[in-house]
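Residue numbers (the working numbering): 83 to 330. Following: one structure in structure tokens, then a few remarks.
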Ligand SMILES: [Zn+2]
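What follows is the structure in structure tokens.
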């Protein structure tokens with residue numbers, strides 16, 4: 083299997099790699115021996131970026147990535163001639179976009195952590211784009227006043243500069259942690275041997291496959307941009323991620 087750097091080091095934004103597999107589809111798919119791309123999942127969209135062949139300076143735009151048979155595959159633009167097996171390439175993420183996704187993903191975990199801690203509400207779903215996201219909760223009594231309080235409490239937690247830690251635990255050990263699997267439906271596939279966890283130290287601990295910033299201070303702050311009912315019990319909160327104001 084190819085070396086998948088994003089899980090251990092979310093800040094790895096480029097790497098030298100070799101082409102080990104190709105699928106000459108309309109939009110060609112490239113498999114590399116190592117990559118910094120995140121393939122998408124858990125509400126976080128896949129990365130975009132470029133491949134550069136140093137030998138002749140040719141570049142390719144990577145429009146998306148995904149997991150296929152355990153490998154992370156890179157999708158190129160439709161109709162382009164792909165690189166060849168054995169080619170040495172420099173792999174570069176669209177880092178501005180990825181970093182915005184890392185901030186957004188960590189902000190959503192902080193939101194989950196506060197809503198769980200203060201109201202005991204479970205998450206039923208979520209999604210994000212760079213700089214904005216939404217989470218759905220089983221949260222019957224949510225109201226505008228509560229949402230204002232939630233926004234303030236999340237921003238308190240972000241500005242507390244809490245470390246964000248990644249760990250990989252054996253399945254049994256992970257499932258022994260109370261409240262680890264915070265989503266209403268357990269989304270983890272059967273038979274998975276290890277569970278990756280993301281901890282916002284002192285606030286939140288979740289099973290998660292995504293990429294995160296290393297400290298909540300790097301998120302900045304959130305603004306709640308909307309909330310809506312998706313039924314009597316299910317409520318949706320939308321947030322935007324912003325830079326923390328200087329001096330506040
Ligand atoms: Zn997550």
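The beta-carbon is built from N, C-alpha and C at its ideal position, and this holds for glycine as well.
By the neighbour-count criterion, in which a residue is buried when 16 or more other Cβ atoms sit within 10 angstroms of its Cβ, residue 159 is exposed. Residues close to ligand 1 by the beta carbon criterion (under 5 Å to any non-hydrogen atom) are, from first to last along the chain, 124, 290 and 292. Here the alpha carbon of residue 88 sits roughly 37 Å from the alpha carbon of residue 313. Contact between residue 208 and residue 218 holds: their C-beta atoms lie close to 7 Å from each other, under 8 Å. Going by DSSP, residue 186 is part of the alpha helix (DSSP H) stretching over 177-201.
In this structure, the beta-carbon distance from residue 214 to residue 188 does not fall below 8 Å. In this structure, the straight-line span from the alpha carbon of residue 290 to that of residue 138 is close to 39 Å. Assignment of residue 147 by DSSP, reduced to helix, strand and coil, places it in the strand class. 8 Å or more divides the Cβ of residue 134 from the Cβ of residue 95. The alpha-carbon of residue 254 is positioned some 46 Å away from that of residue 136. For residue 209, no alpha helix (DSSP H) encloses it; the enclosing beta strand (DSSP E) starts and ends at 204-211.
Residue 301 and residue 240 have their alpha carbons spaced roughly 7 Å apart. Residue state for residue 89 is assigned as helix, using DSSP reduced to three classes. Residue burial annotation: residue 303 is buried, with at least 16 other C-beta atoms found within 10 angstroms of its C-beta.
One alpha carbon belongs to residue 180, the other to residue 210, and they sit about 12 Å apart. Cβ neighbours of residue 125 within its own chain (closer than 6 Å, five residues either side excluded): 208, 209 and 210.
The continuous beta strand (DSSP E) containing residue 249 extends over residues 246-252. Runs of the beta strand (DSSP E) spanning 3 or more residues and lying entirely within the segment 270-300 occur at 276-282 and 286-289, in chain order. Annotation: residue 226 is outside any beta strand (DSSP E); the continuous alpha helix (DSSP H) that includes it extends over 226-241.
The segment 146-162 makes no contact with the segment 281-297, as fewer than three CB pairs between them are under 8 Å.
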